[in-house]
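K.L.:
Pasting in a structure now, in structure tokens, and then I'll have a few things to ask.
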Amino acid sequence: MTIIVNGQARELAAATLDALLEALDLGGAVVATAVNGRFVRAAERPQTRLAEGDAVEILAPMQGG
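Position one of the sequence shown corresponds to residue 1 (UniProt numbering), numbered consecutively onward.
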């Protein structure tokens with residue numbers, strides 16, 4: 001199915017947000033996630049189902065001043 005990841009369309013077979021992160025080699029990464037503009041906590045990712053056309057944002061924390 002087509003999922004929009006950080007603004008780019010991707011063809012992925014991931015059914016959940018957790019599976020999507022694994023497919024993108026981000027399974028163990030410390031990231032913030034949102035689906036269709038709604039923040040998704042790390043504990044909710046395995047239960048967060050994805051559908052055709054969903055927009056997923058994945059953000060890594062940045063340090064600096």
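Using N, Cα and C, we set each Cβ at its ideal position, and we do this for glycine too.
Note that the coordinates shown come from a computational prediction; the quantities given were computed from them, not determined experimentally.
Under a Cβ-count criterion, where at least 16 other Cβ atoms within 10 Å of its own Cβ denotes burial, should V56 be classed as buried or exposed?
P.N.:
Result: buried.
K.L.:
By alpha-carbon positions, which one of A51, A34, P61 ends up nearest to E44?
P.N.:
The shortest C-alpha separation from E44 is found at A34.
K.L.:
According to DSSP, is L59 part of a helix, a strand, or is it coil?
P.N.:
It is a strand residue.
K.L.:
Take the Cβ of L50 as the centre, count every other Cβ of all protein chains shown within 10 Å, and call the residue buried at 16 or more, exposed below.
P.N.:
Buried, since its Cβ has 16 or more Cβ neighbours within 10 Å.
K.L.:
Grouping DSSP H, G and I as helix and E and B as strand, with all else coil, what is R41?
P.N.:
The answer is coil: DSSP assigns R41 none of H, G, I, E or B.
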